[in-house]
Every structure is written in structure tokens, then in C-alpha cells.
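Throughout the sequence shown, residue numbering follows our numbering, covering 262 to 744 in sequence. Positions of the beta carbon are idealized from the N, C-alpha and C atoms, including for glycine. Quick caveat: nothing in here was measured; it's all calculated off a predicted structure. Encoded as C-alpha cells, the structure appears first; notes follow it.
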Amino acid sequence: MTDISAAHYDVIIVGLGPTGGMLANLLGMQGVRTLVLEREANMYDLPRAVHFDDEIMRAFQTIGIAHRLNEKVIVNKGMRFCDYDDNLLLDWPRKQSLTSNGWHASYRFHQPDLEQEIRQALLHRPSVQFALSSRVSNIGQSNDRASVTYQDVESNSHTVTSRYVVGCDGGSSFVREHLNIPMEILGFEQRWLVVDMLLNDEKPELGDHTIQYCDPENPATYCRNAGLRRRWEFALRDDQSDGDMTQDATIWQLLSRWINSSEARIERRAVYTFRSCVAERWRAGRILLAGDAAHLTPPFMGQGMCAGMRDVMNLAWKLAAVCNGTQTSDLLDTYQSERGENVKHYIQTAVKLGELINRIAAAPHAEKTARMESIISTLGPGLGDTNDPLRGTLFPQFRLSSGTRSDDYLGYRTTLFCRDRPVSASHEFETLSATNEPALGAVLDQLGVDEVIVRPDRYILSSSTKIRSITDADQASQHADPH
Ligand SMILES: Cc1cc2nc3c(=O)[nH]c(=O)nc-3n(C[C@H](O)[C@H](O)[C@H](O)COP(=O)(O)OP(=O)(O)OC[C@H]3O[C@@H](n4cnc5c(N)ncnc54)[C@H](O)[C@@H]3O)c2cc1C
Numbered sequence: 262m263t264d265i266s267a268a269h270y271d272v273i274i275v276g277l278g279p280t281g282g283m284l285a286n287l288l289g290m291q292g293v294r295t296l297v298l299e300r301e302a303n304m305y306d307l308p309r310a311v312h313f314d315d316e317i318m319r320a321f322q323t324i325g326i327a328h329r330l331n332e333k334v335i336v337n338k339g340m341r342f343c344d345y346d347d348n349l350l351l352d353w354p355r356k357q358s359l360t361s362n363g364w365h366a367s368y369r370f371h372q373p374d375l376e377q378e379i380r381q382a383l384l385h386r387p388s389v390q391f392a393l394s395s396r397v398s399n400i401g402q403s404n405d406r407a408s409v410t411y412q413d414v415e416s417n418s419h420t421v422t423s424r425y426v427v428g429c430d431g432g433s434s435f436v437r438e439h440l441n442i443p444m445e446i447l448g449f450e451q452r453w454l455v456v457d458m459l460l461n462d463e464k465p466e467l468g469d470h471t472i473q474y475c476d477p478e479n480p481a482t483y484c485r486n487a488g489l490r491r492r493w494e495f496a497l498r499d500d501q502s503d504g505d506m507t508q509d510a511t512i513w514q515l516l517s518r519w520i521n522s523s524e525a526r527i528e529r530r531a532v533y534t535f536r537s538c539v540a541e542r543w544r545a546g547r548i549l550l551a552g553d554a555a556h557l558t559p560p561f562m563g564q565g566m567c568a569g570m571r572d573v574m575n576l577a578w579k580l581a582a583v584c585n586g587t588q589t590s591d592l593l594d595t596y597q598s599e600r601g602e603n604v605k606h607y608i609q610t611a612v613k614l615g616e617l618i619n620r621i622a623a624a625p626h627a628e629k630t631a632r633m634e635s636i637i638s639t640l641g642p643g644l645g646d647t648n649d650p651l652r653g654t655l656f657p658q659f660r661l662s663s664g665t666r667s668d669d670y671l672g673y674r675t676t677l678f679c680r681d682r683p684v685s686a687s688h689e690f691e692t693l694s695a696t697n698e699p700a701l702g703a704v705l706d707q708l709g710v711d712e713v714i715v716r717p718d719r720y721i722l723s724s725s726t727k728i729r730s731i732t733d734a735d736q737a738s739q740h741a742d743p744h
């Protein structure tokens with residue numbers, strides 16, 4: 262959609278990568294007037310991300326693309342750290358059953374398949390417009406609006422205005438640089454060669470697990486991706502130039518222990534400098550950052566894009582509430598406070614994994630076999646009472662008695678889940694009671710509460726055991742009463 266007829270928008274998004282596309286969908290679902298400006302004429306048709314997790318599939322479910330995507334992904338078996346001789350040093354198995362998010366713990370996918378689905382879904386959001394070949398070159402803001410200048414494919418300049426602008430313009434974000442926001446560096450920086458291969462036929466002996474090869478000469482990673490796609494990544498030494506290492510002959514030499522040129526073709530080769538950093542501020546007045554524009558992680562946990570999806574699940578309902586006047590703009594300050602610590606936790610763990618690969622590589626017999634657990638995503642301080650132990654944790658997804666999944670039934674809205682009648686009925690929330698939904702009763706039992714308010718991004722805002730506490734208190738007072 263390229264006809265930008267409205268002069269003024271609620272939100273302008275800079276960049277239509279996965280983060281910008283997801284944000285546009287979530288805003289569109291809430292009727293927020295949104296314009297997305299994307300520099301490139303065509304979608305980037307080669308993969309970078311190859312992994313996402315159950316929480317992110319749940320986010321894709323929210324925008325209605327999970328079932329189509331589910332046909333194109335594979336469930337990931339897990340990650341193993343091995344020495345050069347395939348001896349297991351560290352195991353990170355991924356459960357093969359459904360998690361409390363209602364999806365599998367870990368998926369492998371082809372990034373262009375996802376971006377295609379995200380863009381397709383945008384075509385059904387009447388309040389969202391997008392313009393390709395539109396490079397943003399200036400941004401300004403005043404008390405009542407932000408303005409964005411971009412160049413179209415013929416280099417004509419246009420200026421559009423909005424209440425808010427969100428920079429989803431990737432790691433070398435123009436928006437972030439324009440705002441002069443520094444990045445806090447979290448440690449790890451290393452060049453890696455990434456090679457994507459397309460097999461001619463299945464080759465089961467390559468295995469289904471991701472394997473981190475802790476090889477003292479060249480730490481390397483093998484990824485079993487969807488379909489016939491496989492990825493290898495190799496850490497580069499300073500004396501290995503990008504030019505030399507991306508030659509066909511060098512690549513086939515590196516791959517020779519796994520595969521030869523009669524079995525596959527090279528789909529892509531690229532050298533990346535894996536970085537770990539977080540923007541010091543994610544909001545400057547009417548302008549915000551999300552996704553790679555706000556943070557970069559080495560991809561050892563496959564969580565860079567996932568972090569961007571969590572960002573916009575958090576941000577989109579807050580932007581809608583501010584734009585429709587039900588909340589003040591202060592709400593937007595909770596975006597970084599809630600997301601920042603979580604992002605750092607993932608990055609720091611990825612950095613440790615990166616260091617582990619290099620450390621085991623340098624001293625291969627130093628580590629004993631160990632297991633690793635997945636991170637459980639939580640929110641930093643922001644909305645709700647941090648003394649409430651459930652606040653800021655993900656509320657499970659369950660099936661209603663009709664067979665419908667709870668998220669599909671409730672949509673992207675704040676919901677009050679209660680055992681019987683709500684103790685504190687509110688017209689602000691959708692309410693679902695366990696009276697007719699036994700599965701909800703079981704979820705509340707498992708959490709040990711009677712009422713939970715869940716935000717649109719599926720995180721718990723507050724929980725209460727009020728009914729039980731009152732009953733307990735009544736019983737206690739009866740016992741205490743001599744009559
Ligand atoms: C080798 C590798 C492996 C990875 N593996 C994983 C993985 O397994 N799992 C995972 O979750 N993540 C992974 N990642 C990270 C993931 O690819 C990124 O986090 C994700 O693509 C970032 O999405 P984004 O939308 O924030 O930014 P981008 O995808 O970079 O999109 C930014 C968009 O903004 C546009 N843009 C830029 N400047 C302007 C401008 N001035 N005006 C208009 N438009 C502009 C760009 O054209 C682009 O379309 C990996 C990354 C790499 C490099």
C-alpha cells in the first residue's frame with residue numbers, strides 16, 4: 262500500500278523488518294492510524310534469524326499468522342556443545358511437548374517466510390499504510406507532534422507528521438543516531454562467518470540438534486534449519502580476512518567434515534561482527550526505539566529478533582492507550598523499564614555462551630558435561646506492584662471448553678481472569694470466570710491465586726487471593742470467637 266493520503270498519523274514506524282512489521286500489525290489490530298516507512302523496495306529475501314521460541318509463536322498467534330507459519334517451521338530438539346570429536350560438553354535439550362504458552366519451546370524457521378506472513382497480515386489492517394523505497398532522512402518533534410522526512414524512489418522529499426515515531430530501523434538505526442543515543446556495550450564482540458546451505462537431499466547424519474563445536478582452531482556452529490536448509494557459522498581470527506573466508510574454496514574446505522559440493526549449494530555467505538549492546542534510552546519524547554535499533558545480541562541463543570517481538574508486544578498496547586486518550590504519555594516510560602532488564606539478561610546469557618564456546622575451545626577439557634535451562638522471560642519494574650510474585654510473569658494459555666485457545670478468544674486486550682465472580686468488577690477489562698471454564702480453574706490452582714489481571718502482552722499485571730484470604734480470615738475469626 263503506497264498511497265499516503267492521511268496527512269497526520271498516530272504512529273509512524275521507521276523500518277519494515279520483523280520488529281516494525283509486528284508493531285504495525287499490533288497497532289492495526291487496535292485501529293491506530295499508522296504509517297510504516299521502509300527504505301528498501303523489496304523484502305530482504307535471505308535469512309538472518311533461524312530460531313524463535315514459544316512466547317514469540319504466541320505473539321505471532323496474536324496477529325493471526327501462527328497457524329500458517331506453523332506449517333513452515335520445525336520444532337527444535339535443542340543445542341549441544343561438543344568438542345571437535347563430538348564429545349558432549351554441555352546439553353541444552355528443548356522440551357518436545359507444548360509449554361504453558363501453548364506452543365513448542367523452540368522453533369527453526371526461514372526468516373523470509375515469517376516476514377512474508379507479517380506483510381501479508383498488514384494488508385488486512387485498514388488503519389495501517391506502508392510505503393516502500395522510502396528512506397527516512399530527518400525527524401523532528403515539538404510539544405504536540407513529531408515530523409518525519411523521507412525520500413521516495415525518485416529522491417523526492419516528503420514530510421509526514423504523527424503523535425509518535427518508533428525507530429524499528431535495525432542495528433545501525435538512523436533514528437537512534439539522529440537522537441544521539443549512545444549504546445551501552447555489554448562485552449562480547451567477534452567476527453563470525455555465516456554460511457547458509459541448501460541440501461540437494463536429506464542428510465540425516467548431520468543431525469537435528471544445533472551443535473556448538475568447541476574446536477580450538479575454529480569455534481563453529483551447526484544449525485538444522487527448516488526444510489533442506491542448514492547453517493554453519495565459524496568464528497574468525499584476526500588474520501582471516503572477510504574476502505578470503507567468503508571464497509567458495511575456503512567455505513567448502515571449512516565444511517568438508519560435514520558435507521561436499523555435490524550434496525548442497527551455498528545459498529548465502531556473510532561475515533558479521535556479533536555485538537552485544539543496549540541503547541541507553543529507548544524513548545526521547547515522542548520518539549521511541551524497538552528491536553535491533555534498541556539492542557543487539559550475539560545470536561548464540563537465537564534471541565535477537567525475539568527480543569524485538571517482546572518489545573513491540575509490550576509497546577503496542579501502551580501506544581494505543583496513549584493515542585486513544587485513556588492513558589497519559591507517562592505510560593510509555595514503563596516500556597524501557599519493563600523490557601530493558603529482560604533484554605540484558607538474554608544478551609548477557611548469550612555473551613556467556615559465546616565466551617563458553619571460545620573458552621572451551623581454548624581449553625577443551627576444562628568443562629565437564631552440564632545442562633542448560635531456558636530463560637524464563639519476566640518484566641522489570643513498571644506497571645503493577647513488584648511485591649506481587651506473579652506480576653511481570655507470563656500467564657499461561659489454555660483451551661476453553663469450546664476448544665478455542667484462550668488468547669484467540671480474548672485477543673490483544675487486558676483481561677480479568679477470576680475463579681467465580683470478580684471481586685473487583687471493572688468495565689475496563691474483558692472478564693473470564695472459571696465457573697464455566699474448568700481449565701481456567703486449573704490454571705488459577707496452579708498459580709495459587711483467585712484472580713489475575715493479564716495485560717494484552719500476556720504478562721500478569723496483578724494477582725490476588727482475596728476470596729480465599731477473606732474466607733480464611735472469616736474462618737480464623739470464627740475459631741477465635743469463644744461463642
Ligand atoms: C547471523 C545472524 C543470526 C541470527 N539469528 C537469530 C535467531 O536465530 N533468532 C533471533 O531471534 N534473532 C536472530 N538474529 C537477529 C535478527 O536477525 C534481528 O534481531 C532481526 O532481524 C532484527 O529485526 P528488526 O526489524 O529490529 O531490524 P531489521 O531486520 O534490521 O529491519 C530494519 C528495517 O529498517 C529499514 N531501515 C533502515 N534504515 C531505514 C531508514 N533510514 N528509513 C527507512 N527504513 C530504514 C531496513 O531496510 C530494514 O528493513 C540473527 C542475526 C544474525 C546476523
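Would you kindly work out how many angstroms separate the C-alpha atoms of residue i and residue j, rounded to a whole number?
i, j, result
"Ala487", "Thr610", "25 Å"
"Leu277", "Asn348", "42 Å"
"Ser730", "Ser590", "Because the pLDDT of Ser730 is 44, which lies under 50, any placement of that residue in the model is unreliable, and the number read from its coordinates should be weighed accordingly. Taking the straight line from one Cα to the other gives about 36 Å."
"Pro699", "Ile317", "26 Å"
"Val710", "Asn648", "15 Å"
"Ile527", "Pro642", "46 Å"
"Leu693", "Val713", "10 Å"
"Leu459", "Asn337", "18 Å"
"Thr676", "Glu450", "42 Å"
"Ile379", "Met304", "11 Å"
"Thr482", "Ala382", "33 Å"
"Phe342", "Asp706", "38 Å"
"Ile274", "Val436", "10 Å"
"Leu576", "Leu593", "7 Å"
"Asn441", "Leu296", "24 Å"
"Ser408", "Gln390", "16 Å"
"Ser358", "Asp352", "18 Å"
"Arg492", "Phe535", "16 Å"
"Ile721", "Gly504", "50 Å"
"Leu661", "Asn697", "9 Å"
"Val604", "Arg716", "19 Å"
What three-state label does DSSP hand residue i in the structure shown?
i, result
"Leu549", "strand"
"Trp513", "helix"
"Ile233", "Residue 233 cannot be examined here, being either before or after the span of the chain that is shown, 262 to 744."
"Met574", "helix"
"Asp457", "strand"
"Glu438", "helix"
"Asp505", "helix"
"Gly709", "coil"
"Tyr673", "coil"
"Glu628", "In this prediction, Glu628 has a pLDDT of 49, which is less than 50 and means its spatial position is unreliable; what the coordinates show is noted afterwards. Coil."
"Gly276", "coil"
"His269", "strand"
"Ile520", "coil"
"Ala555", "coil"
"Ser590", "helix"
"Met241", "Because the chain spans 262 through 744 in this model, residue 241 falls outside it and cannot be assessed."
"Ile324", "coil"
"Gln473", "strand"
"Pro354", "strand"
"Thr360", "coil"
"Asp344", "strand"
"His312", "strand"
"Ala407", "strand"
Tell me whether residue i, by its Cβ, gets closer than 7 Å to a heavy atom of ligand 2.
i, result
"Pro480", "You won't find ligand 2 in this model; what it holds is ligand 1."
Would you check whether ligand 1 has a heavy atom nearer than 7 Å to the C-beta of residue i?
i, result
"Leu580", "no"
"Gly672", "no"
"Pro279", "yes"
"Val293", "no"
"Met566", "yes"
"Asp430", "yes"
"Tyr533", "yes"
"Pro373", "no"
"Ser395", "yes"
"His312", "yes"
"Ala611", "no"
"Arg309", "yes"
Given 8 Å, three or more beta-carbon pairs between the region 417 to 437 and the region 532 to 552
yes
Can you find at least 3 beta carbon pairs, one from the region 559 to 567 and one from the region 596 to 614, that sit closer than 8 Å?
yes
If you pair each beta-carbon of the region 291 to 298 with each one of the region 524 to 544, do three or more pairs fall below 8 Å?
no
So does the region 323 to 340 actually touch the region 393 to 400, counting three or more Cβ pairs closer than 8 Å?
no
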